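Chains as they are written, first to last, in my numbering: chain A, 1 to 756; chain B, 1001 to 1158. Here the structure is laid out as structure tokens; the discussion comes afterwards.
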Amino acid sequence: MPLDSTLQGKRDFKVVGTRPLRPDGIDKVTGRAKFGADATAPGMLVGRILRSPHAHARIKKIDTSKAEKLPGVKAIVTREDLPDHTDGDALLYDVLYNIMAREKALYEGHAVAAVAAVDTRTAREALKLIKVDYEVLPHVTDVDEAMKPGAPILHSTIFTDGLEPKPKKPSNVVRRYEFGHGDVEAGFKKADIIVERTFKTEATHQGYIEPHACLANVGPDGQGELWVCTQGHFMVRDTCARLLGMDISKLRVTASEIGGGFGGKTTVFIEPVALALSRKANRPVKVVMSREEVFKASGPTASTSIDVKIGVTKDGRITAADATLRYQGGAFAGSPVEFGAMSAFACYDLENARTIGYDVVTNRPKQAAYRAPGAPMAAFAVESVIEELARKVGMEPIDFRMKNAAREGTRSSYGPTYGPIGLLATLEKAKQHPHFKAPLSPNQGRGMACGFWFNFGGQTCVSLNVNSDGTVALSVGTPDIGGSRASMCLMAAEELGIPYDKVRAIVADTSALGYNDVTDGSRTTFATGMATILAARDAIKKLTARAAQIWGISAEAVTWEKGYAKPAGSNAGNFPPMSIAEIAAQAGATGGPIAGHHEYSADGAGVSFATHICDAEVDPETGATKIVRYTVLQDAGKAVHPSYVEGQFQGGAVQGIGWALNEEYIYGKDGRLQNAGFLDYRIPVCSDLPMIDTVILEIPNPGHPYGVRGVGETSIVPPLAAIANAVSAAAGVRLTSLPMSPPRILAALDRKAAAE
Amino acid sequence: MSAIHVTTKINGDVVDYVCEADETLLDVLRNRLGLTGAKEGCSTGDCGACSVTIDGRLTCSCLVLGAEADGREIGTIEGMAKGDELHPLQRKFLEHAALQCGICTPGILVAAKSLLEHNPKPTETEVRFGLAGNLCRCTGYDKIVRAVMDAAQEMRRA
């Protein structure tokens, strides 16, 4: 929906941009907030899932007879209990296959059966009594290996899309993508210097501290309720209803407080299984994943292998940029390589650009979105080459970036032409930042990188009710993953002209609102925020009409100002301003309850750019790296609640630090994950880190009444490259594989010593 | 397996419960006593989301058996505020926006309170190492460290 141009341009904010306490704060600091695993129901059973120990195996037979006889076991479900209702929808069929294996188990941890029992111990015991007859098959977990001829084939149904002619033999390559413009070969001919390198990144996990959890309750009338920690309860409702062959109206889903998601809770895993168990047992069933299950059977991100080639003239102008990206996204189609290929060169103004992406399947858990899915790895590869080129041309990397940076009017490498964007502003600010000029100590290096993310709008529905005392109840349908209720209250209060604490925002269940897309794509503050503003304007229209009715004048003769209806001018009549509370108190006598609402598919999510600066210190004896200083500069369009904007910047940067230095999925030769726990999969801890400095820039997004851009994802795009550039500077050798763990750094230092 | 009778003190109140011999204190708190403020993030003592104090000592309640609480004093997040008065750490966490999703917050608050009881004037480095057993995936810890330092300063003045 194109935005009414009269809605744009507001800059004189009263409450937006302040930092009030969040409305859910007290519950969160006192332990009262109810997360996924915190719910109970009368007669509740414990659900547990049996998972494949093999990376790839044909499931010949599942014998549940012994388990069924164990006292206390109330239901067992297998693939037989989840028949195919997907009606030719290939993507939904993959979801079905992923939540419960069908003819084959495709990765270690793939669900094979599930049990509901009276307690945990009985459920655990029952799982041991289920006999699964497997025929173990050869497996593949590495992206480059999976693409080779002769690799074990996961699906006999995959014939690479996007190739001409279409292959006649199945492979693990789902699809080939291509983006770009111009003529890269001609561009390279004009180049004086060309750098070409290959990079690898390992798979990482979102690492939310709250494991997946849900409580399902299906009655004999076929009506169901589901309590679940998710980024999108409408998505959960629709997906589960379709997988289980239920009418959508029969399933009501309530989103619990959510203990982190970062994209990992934008799909279903245990939810349809819990519903199937509950339906069969005719009792409420709670399923909670263990941390090991989260690592092995939820959705980590892709591992990648990327070639980048960029050419420049002697005076530092890029003539051509070319990249080939290979991403494995686990056992099913849908790695984020398309986003990787689209975003790889998005920061640059290029005459000739091409990116080719391959979506590859392997015997690993099906990937799920992880904060700017696909972009950080592409940025790591591209920004590493950019840094190297700048040095070769003899320019400061920041000047080289500024010379080639995308700006308003640039045709992006993925197609659209940019409107007003903030990339150059972040670079200029970075150059002036004290961090940029601070001295470095021995063994330290400084790196920087830029990053881009698209941002998303999506389906949104908001309802704003004016209570009889003039306070406001705001219902949104996008789970609050990091303080969004505070931002919604700020925007409603701003628009209505009432104090922040007179608005209470809740995340309503699926029965209360129309469909809302998942909280993803950095869309909530943008899209739900805009819907909130428009719902408030709708309410104001009704409030002023009621005032007009009370005064006996026409509605057009009434305006709204600072929470009061006022006659528009002296001609309209001489009435004292009437407050929202006074109008609300008379609502019953003037036509009934007053509510504003808005439902739309939000368009106009402004793209977002960031520049990060990192100082790293490498210990040449141990290969250990310490981040000693880190600064994030990012365009937020308009920061609605600056503290939570800073929080997004800091959180994304630190997830990037983990990805760059430590985190990786490590597979054994047997195709089993070797480090499915927080001890061996080490996410950054407090003592690993410095303070993360932030600079918020505000280049308004013309697609939002207040200029808001999404901020959640861009912050994880530059860190891998910024840290790699810093580490490479400190170590004196280019690091091209992530994570840059001590063994990899020591190996690189050995290579450097051997070459000298 | 026969259940074990336990008498303990939780947040100052005497509590009696029965539990199985293999049941963790975390499971007892959450599933038998309705104290769901302590969270299970890993069940292996790596994330600290289940942090409580036992006789004043910071502990992962997932690594302790419910039966071991007999005769001890347990402190949980639910006992941190005194009536409607938040502990300074709780207040400072809100003021500094030191939480996003909030799942790690109870454990971090319990750990931070324990840290400040042992070291009322910690340096930034001491705060960072004092909280190194508590994972937070949202914040990058910056605002958490600031909130703890600020609370410590206020508590010293009080």
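Cβ atoms here follow ideal geometry from the backbone N, Cα and C, with glycine treated the same way. None of these values were measured; they are calculated from a predicted model.
Beta-bridge pairing of residue i - partner residues as DSSP gives them
i: A:Asp693; result: A:Thr631
i: A:Val174; result: Its beta-bridge partners do not exist; DSSP assigns none.
i: A:Val115; result: A:Arg48 and A:Ile76
i: B:Thr1053; result: B:Leu1058 and B:Gly1075
i: A:Glu617; result: A:Gln444 and A:Lys626
i: A:Asn465; result: A:Ala473 and A:Ala595
i: A:Lys822; result: Nothing in the structure corresponds to residue 822 of chain A, since chain A is present only between 1 and 756.
i: A:Asn363; result: DSSP output for A:Asn363 lists no bridge partner at all.
i: A:Val789; result: Lying before the first or after the last residue shown, residue 789 of chain A is absent from chain A, which here runs from 1 to 756.
CB contact flag (residue i, residue j, <9 Å)
i: A:Leu673; j: A:Glu225; result: no
i: A:Gly264; j: A:Pro300; result: yes
i: A:Val618; j: A:Ala505; result: no
i: A:Ser737; j: B:Lys1143; result: no
i: A:His435; j: A:Thr631; result: yes
i: B:Lys1092; j: B:Ala1021; result: no
i: A:Gly330; j: A:Lys366; result: yes
i: A:Ser487; j: A:Gly529; result: yes
i: A:Lys10; j: A:Gly707; result: yes
i: A:Gly596; j: A:Ile540; result: yes
i: A:Ala67; j: A:Ala126; result: yes
i: A:Ser757; j: A:Ala90; result: Limits of chain A in this structure are 1 at one end and 756 at the other, which puts residue 757 of chain A out of reach.
Terminal residues of the alpha helix (DSSP H) in which residue i lies
i: A:Leu440; result: A:Leu440 -> no alpha helix (DSSP H), and no H or E assigned at all.
i: A:Ser554; result: No alpha helix (DSSP H) holds A:Ser554; DSSP gives it neither H nor E.
i: B:Cys1136; result: No alpha helix (DSSP H) holds B:Cys1136; DSSP gives it neither H nor E.
i: A:Ala33; result: Careful: A:Ala33 lies outside any alpha helix (DSSP H) and carries neither H nor E.
i: A:Met147; result: Val143 to Met147
i: B:His1118; result: Thr1105 to His1118
i: A:Lys752; result: Pro742 to Ala755
i: A:Phe339; result: Val337 to Ser343
i: B:Arg1091; result: Pro1088 to Glu1095
i: A:Cys240; result: His233 to Leu244
i: A:Asp247; result: No alpha helix (DSSP H) contains A:Asp247, which DSSP labels as neither H nor E.
i: A:Val253; result: Careful: A:Val253 lies outside any alpha helix (DSSP H), inside the beta strand (DSSP E) at Leu251 to Ala255.
Residue i - containing beta strand (DSSP E), residue span
i: B:Lys1009; result: Ile1004 to Ile1010
i: A:Ile723; result: Counting along the chain, A:Ile723 falls outside any beta strand (DSSP E), though it belongs to the alpha helix (DSSP H) covering Pro719 to Ala731.
i: A:Ile62; result: Ala57 to Asp63
i: B:Val1014; result: Asp1013 to Cys1019
i: A:Ser487; result: Per DSSP, A:Ser487 belongs to no beta strand (DSSP E); it is in the alpha helix (DSSP H), Ser484 to Leu496.
i: A:Ala346; result: Element bounds for A:Ala346: n/a, residue is neither H nor E.
i: A:Ser278; result: Not the beta strand (DSSP E): A:Ser278 falls in the alpha helix (DSSP H), residues Glu271 to Ala281.
i: A:Tyr93; result: Taken as a continuous stretch (DSSP letters only), A:Tyr93 belongs to no beta strand (DSSP E), being part of the alpha helix (DSSP H) at Ala90 to Ile99.
i: A:Arg317; result: Element bounds for A:Arg317: n/a, residue is neither H nor E.
Inset, instruction - Give a yes or no on contact between the segment 234 to 252 of chain A and the segment 191 to 203 of chain A, applying the rule of three or more CB pairs nearer than 8 Å. - result: Here the segment 234 to 252 of chain A makes no contact with the segment 191 to 203 of chain A; the two share fewer than three CB pairs at distances below 8 Å.
Legend entry - Any 3 or more C-beta pairs closer than 8 Å across the segment 90 to 102 of chain A and the segment 16 to 24 of chain A: At 8 Å Cβ cutoff, the stretches do not touch.
Inset, instruction - Determine which residues of the segment 1093 to 1114 of chain B have a Cβ less than 8 Å from any Cβ of chain D, and write them out in chain order. - result: The structure shown contains no chain D; its protein chains are A and B.
Legend entry - Residues from the segment 686 to 711 of chain A in contact with chain B, defined by Cβ distance under 9 Å: For the segment 686 to 711 of chain A, which is checked against every Cβ of chain B, the residues closer than 9 Å are Cys686, Ser687, Asp688, Leu689, Pro690, Met691, Ile692, Asp693 and Thr694.
Legend entry - Near-chain B residues of the segment 282 to 314 of chain A - C-beta to any C-beta below 8 Å: Here the close residues are Val288, Ser290 and Arg291.
Inset, instruction - Answer yes if the segment 448 to 461 of chain A comes into contact with the segment 719 to 729 of chain A, meaning at least three C-beta pairs across the two stretches below 8 Å, and no otherwise. - result: Pairwise C-beta distances place the segment 719 to 729 of chain A in contact with the segment 448 to 461 of chain A, as three or more of them are shorter than 8 Å.
Inset, instruction - Report yes or no: do the segment 154 to 163 of chain A and the segment 344 to 354 of chain A share at least 3 C-beta pairs separated by less than 8 Å? - result: The segment 154 to 163 of chain A makes no contact with the segment 344 to 354 of chain A; the number of CB pairs closer than 8 Å stays below 3.
Inset, instruction - Would you check if there are 3 or more beta carbon pairs closer than 8 Å linking the segment 1133 to 1144 of chain B to the segment 683 to 695 of chain A? - result: Output reads yes: the segment 683 to 695 of chain A touches the segment 1133 to 1144 of chain B.
Legend entry - Three-pair Cβ contact test at 8 Å for the segment 373 to 390 of chain A versus the segment 306 to 316 of chain A: Yes, the segment 373 to 390 of chain A touches the segment 306 to 316 of chain A.
Legend entry - At least 3 beta-carbon pairs within less than 8 Å: the segment 206 to 219 of chain A vs the segment 37 to 49 of chain A: Segments in contact, yes.
Legend entry - Residues, ordered as in the chain, of the segment 1027 to 1042 of chain B that lie near chain A by beta-carbon distance below 9 Å: Those residues of the segment 1027 to 1042 of chain B that come within reach of chain A (Cβ to Cβ, closer than 9 Å) are Asp1027, Arg1030, Asn1031, Gly1034, Leu1035, Thr1036, Gly1037, Ala1038, Lys1039, Glu1040, Gly1041 and Cys1042.
Inset, instruction - Could you list the residues in the segment 1126 to 1141 of chain B with a C-beta less than 9 Å from some C-beta on chain A, going in chain order? - result: Those would be Val1127, Arg1128, Phe1129, Gly1130, Leu1131, Ala1132, Gly1133, Asn1134, Leu1135, Cys1136, Arg1137, Cys1138, Thr1139, Gly1140 and Tyr1141, in chain order.
Inset, instruction - Would you list, in chain order, the members of the segment 368 to 388 of chain A that have their beta-carbon closer than 9 Å to a beta-carbon of chain B? - result: Residues of the segment 368 to 388 of chain A that bring their beta carbon within less than 9 Å of a beta carbon in chain B are absent altogether.
Inset, instruction - For the segment 1107 to 1126 of chain B and the segment 495 to 514 of chain A, state whether three or more C-beta atom pairs, one from each stretch, are separated by less than 8 Å. - result: Segment contact: the segment 1107 to 1126 of chain B against the segment 495 to 514 of chain A, fewer than three CB-CB distances shorter than 8 Å; contact not assigned.
Legend entry - Touching by the beta-carbon criterion (3+ pairs, under 8 Å), the segment 517 to 531 of chain A and the segment 261 to 280 of chain A: In short, these stretches touch, since the Cβ pair count reaches three.
Inset, instruction - Decide if the segment 546 to 560 of chain A is in contact with the segment 595 to 612 of chain A; the criterion is three or more beta carbon pairs, one per stretch, under 8 Å apart. - result: Fewer than three beta-carbon pairs drawn from the segment 546 to 560 of chain A and the segment 595 to 612 of chain A are found closer than 8 Å, and the two stretches are therefore not classed as touching.
Legend entry - Any 3 or more C-beta pairs closer than 8 Å across the segment 1097 to 1105 of chain B and the segment 203 to 213 of chain A: Three or more Cβ pairs drawn from the segment 1097 to 1105 of chain B and the segment 203 to 213 of chain A lie within less than 8 Å of each other, which places the two stretches in contact.
Inset, instruction - Give, in chain order, every residue of the segment 1062 to 1083 of chain B whose Cβ lies closer than 8 Å to some Cβ of chain A. - result: Within the segment 1062 to 1083 of chain B, the qualifying residues are Thr1076, Ile1077, Glu1078, Met1080 and Ala1081.
Legend entry - Segment contact flag, the segment 374 to 383 of chain A with the segment 469 to 488 of chain A, C-beta cutoff 8 Å, min 3 pairs: They do not touch, by the three-pair rule.
Legend entry - the segment 1006 to 1024 of chain B in contact with the segment 1055 to 1073 of chain B per 3-pair CB rule at 8 Å: Output reads yes: the segment 1055 to 1073 of chain B touches the segment 1006 to 1024 of chain B.
Legend entry - the segment 56 to 67 of chain A: positions lying closer than 9 Å to chain B by Cβ: Against chain B - using a Cβ distance shorter than 9 Å - the segment 56 to 67 of chain A contributes no residues.
Inset, instruction - Specify whether the segment 65 to 81 of chain A and the segment 25 to 32 of chain A touch according to this definition: at least 3 beta carbon pairs, one from each stretch, less than 8 Å apart. - result: Three or more Cβ pairs closer than 8 Å define a contact, and the segment 65 to 81 of chain A falls short of that threshold against the segment 25 to 32 of chain A.
Inset, instruction - Would you check if there are 3 or more beta carbon pairs closer than 8 Å linking the segment 405 to 420 of chain A to the segment 337 to 346 of chain A? - result: In short, these stretches touch, since the Cβ pair count reaches three.
Legend entry - Three-pair Cβ contact test at 8 Å for the segment 694 to 709 of chain A versus the segment 130 to 140 of chain A: With the cut-off at 8 Å, the segment 694 to 709 of chain A and the segment 130 to 140 of chain A do not touch.
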